[in-house]
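Trainee: Quick one: the structure is below, and I'll ask about it shortly.
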Amino acid sequence: MSVKEKFKRTGAFVIDFSIVKMFAQVLIGGVYYAIMGFSSKHQTGGLISLNSDAALPILLALSVLILVLFIGIYVGYHWVCYRFLGNSLARFFMRANVVSRVDGNPLDKRTYFEREFYKISLCVGTMGLYALYSGAQYYSTGNAPYHDNRCSARVDID
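So my numbering is basically just the index in the sequence shown, starting at one, shifted up by 16.
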């Protein structure tokens, strides 16, 4: 595979990721509005309160729900594109073919979807895993996340 083909495939992934992000933002916004609507009707002042012990686990569960929704939308987007175009929309317009690494033939349906599922699961999982890990660590042990270095950067001079 040439360098030009690798850049085409990477660019096609970024374009497909952006298209799916637009669709996912609509669905995630709907989930947020549904939760806020339910929360405002709750008698104790809201479902999610910053002073509640259940706030962080609920927010972590929402994060997992959003990650799973995004993966589902991505796979659904590729299913629609594969059904009508035989390829993703970005690859179709960039003329980047999806071929087997072994023999160079076009991929069958199952292999195509397995590749796309693994690709998006690893991408979204690595981005979302750190937020979940930091939240769970803070909730369980009270340790500040690794990226929060405001307290550790201070130097006391006597």
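The beta-carbon is built from N, C-alpha and C at its ideal position, and this holds for glycine as well. Every value quoted in this text rests on a predicted model; they were computed, and no experiment measured them.
Considering Gly88, what are the terminal residues of the alpha helix (DSSP H) in which it resides?
Mentor: Here residue 88 corresponds to residue number 72 of the sequence shown, with the count starting at 1. Unbroken alpha helix (DSSP H) run through Gly88: Ala71 to Leu101.
Trainee: Could you compute how far the alpha carbon of Leu145 sits from the alpha carbon of Leu101?
Mentor: To locate residue 145, count along the sequence shown from 1; it is residue 129. To locate residue 101, count along the sequence shown from 1; it is residue 85. Those two C-alpha atoms are separated by around 33 Å.
Trainee: For Arg107 versus Ala28, is the C-beta spacing smaller than 8 Å?
Mentor: The residue given as residue 107 occupies position 91 in the sequence shown. The residue given as residue 28 occupies position 12 in the sequence shown. The answer is yes: Cβ separation under 8 Å.
Trainee: Do Glu21 and Ala147 have their C-beta atoms closer together than 8 Å?
Mentor: As a first step, residue 21 must be located in the sequence shown, where it is residue number 5. As a first step, residue 147 must be located in the sequence shown, where it is residue number 131. No, these two residues do not count as a Cβ contact at 8 Å.
Trainee: Compare the C-alpha of Val47 against each of Ser156, Thr157, Val140 and Leu81 and name the closest.
Mentor: Position 31 of the sequence shown, counted from the first residue, corresponds to residue 47. Ranking Ser156, Thr157, Val140 and Leu81 by Cα distance to Val47 puts Leu81 first.
Trainee: What three-state label does DSSP hand Gly46 in the structure shown?
Mentor: Translated into the one-based positions of the sequence shown, residue 46 becomes position 30. In this structure, Gly46 counts as helix in the three-state DSSP scheme.
Trainee: Please classify Asn103 as buried or exposed, where buried requires at least 16 neighbouring CB atoms within 10 angstroms.
Mentor: Taking the first residue of the sequence shown as position 1, residue 103 is located at position 87. Asn103 is buried by the Cβ-count criterion.
Trainee: Identify whether Gly27 lies in helix, strand or coil by the three-state DSSP scheme.
Mentor: Here residue 27 refers to the residue found at position 11 when the sequence shown is read from its first residue. Of the three classes helix, strand and coil, the one that applies to Gly27 here is helix, per DSSP.
Trainee: Return the chain-ordered list of same chain residues with a C-beta closer than 8 Å to the C-beta of Pro73, the five sequence neighbours on each side being excluded.
Mentor: Walking along the sequence shown from the start, residue 73 turns up at place 57. Closer than 8 Å at Cβ, skipping near neighbours: Tyr155.
Trainee: Ignore the nearest five residues each way along the sequence and tell me which others in Ser137's own chain have a CB closer than 7 Å to its CB.
Mentor: Translated into the one-based positions of the sequence shown, residue 137 becomes position 121. Hits under 7 Å: Ile87.
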